[in-house]
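Residue numbers (the numbering used here): 492 to 646.
Just so you know, even glycine gets a beta-carbon here, dropped at the ideal spot from N, CA and C.
#1: Where does residue 650 sit, in a helix, a strand or coil, going by DSSP?
#2: Please state the DSSP three-state secondary structure of residue 608.
#3: In the DSSP assignment, find the alpha helix (DSSP H) that holds residue 507 and state where it starts and stops.
#4: Do the region 515 to 531 and the region 572 to 581 touch if we need at least three Cβ pairs shorter than 8 Å?
#5: What span of residues does the alpha helix (DSSP H) with residue 560 cover, start to end?
#6: Taking Cβ positions, are residue 560 and residue 640 nearer each other than 9 Å?
#7: Just to confirm, is the Cβ distance from residue 607 to residue 586 under 9 Å?
#8: Am I right that residue 620 and residue 628 are in contact with their C-beta atoms under 8 Å? What's the rounded C-beta distance?
#9: Looking only at its chain, what residues have a beta carbon closer than 6 Å to the beta carbon of residue 562, apart from the 5 residues adjacent to it on each side?
#10: What distance in whole Å lies between the Cβ atoms of residue 535 and residue 577, which are believed to be in contact at a cut-off of 8 Å?
#11: In chain order, what residues of the same chain have a beta carbon less than 7 Å from the beta carbon of residue 573, not counting five sequence neighbours either side?
#12: Is residue 530 near residue 575, with beta carbons less than 9 Å apart?
#13: Mind checking residue 597: buried by the 16 CB within 10 Å criterion, or exposed?
#14: Buried or exposed for residue 571, please, with buried defined as at least 16 other CB atoms from any protein chain shown within 10 angstroms of its CB.
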């Protein structure tokens, strides 16, 4: 047998030696994040549903005043912010994986992922702004339009 041909086939009994690559572990970390964020999202979403639907009068009590009252405390602002960010990151990562799997052309993949990331940024930025800048008692509003817990509503 020729020496050149035997060099191409590895010895099957030789121990496995991992080849060093320059690849990152981005996909591994994405996979781990999806599992961890999924578990945390379950807690956040079911806590959100319990407070909104099971306490008080249930779905009938959800109105502007209910949301204003919840977002008046930092606890619920952080809760809803975490739910928004984790859901958006989790969903964006899932759709990114689907695009990578099913978009066959590089240009199509680039356009779809660019639109996905743009939508992600818009929703996260606007959602964060709404959560932290929401004011149920804006100054100068007429008293009959304000919720009952606003100081100007009782005047």
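Reading it off the structure:
#1: There is no way to answer for residue 650, as the model of the chain reaches only from 492 to 646.
#2: Position 117 of the chain shown holds residue 608. The answer is helix: DSSP assigns residue 608 an H, G or I state.
#3: As a first step, residue 507 is located in the chain shown; it is residue number 16 there, counting from the start. Counting along the chain, residue 507 falls outside any alpha helix (DSSP H), and DSSP gives it neither H nor E.
#4: yes
#5: The residue given as residue 560 occupies position 69 in the chain shown. Its alpha helix (DSSP H) spans residues 555 to 561.
#6: By one-based count along the chain shown, residue 560 stands at place 69. By one-based count along the chain shown, residue 640 stands at place 149. The answer is yes: Cβ separation under 9 Å.
#7: Locating residue 607 in the chain shown gives position 116, where the first residue counts as 1. Locating residue 586 in the chain shown gives position 95, where the first residue counts as 1. Yes, Cβ-Cβ distance for residue 607 and residue 586 is below 9 Å.
#8: Here residue 620 refers to the residue found at position 129 when the chain shown is read from its first residue. Here residue 628 refers to the residue found at position 137 when the chain shown is read from its first residue. At roughly 18 Å, the Cβ-Cβ gap does not stay under 8 Å, so residue 620 and residue 628 are not in contact.
#9: Here residue 562 corresponds to residue number 71 of the chain shown, with the count starting at 1. Result list for residue 562: 568, 625, in chain order.
#10: Translated into positions along the chain shown, residue 577 becomes position 86. Translated into positions along the chain shown, residue 535 becomes position 44. With 8 Å as the limit, residue 577 and residue 535 qualify as a contact, their Cβ atoms being about 7 Å apart.
#11: For the purposes of this step, residue 573 is taken as the residue at position 82 of the chain shown. Excluding residues within five positions, the ones whose Cβ falls inside 7 Å are 535.
#12: Numbered from 1 along the chain shown, position 39 holds the residue referred to as residue 530. Numbered from 1 along the chain shown, position 84 holds the residue referred to as residue 575. Cβ atoms of residue 530 and residue 575: not closer than 9 Å.
#13: Taking the chain shown and counting its residues from 1, one reaches residue 597 at position 106. Exposed, by the Cβ-count rule.
#14: For the purposes of this step, residue 571 is identified with residue 80 of the chain shown, where counting begins at 1. Result: buried.
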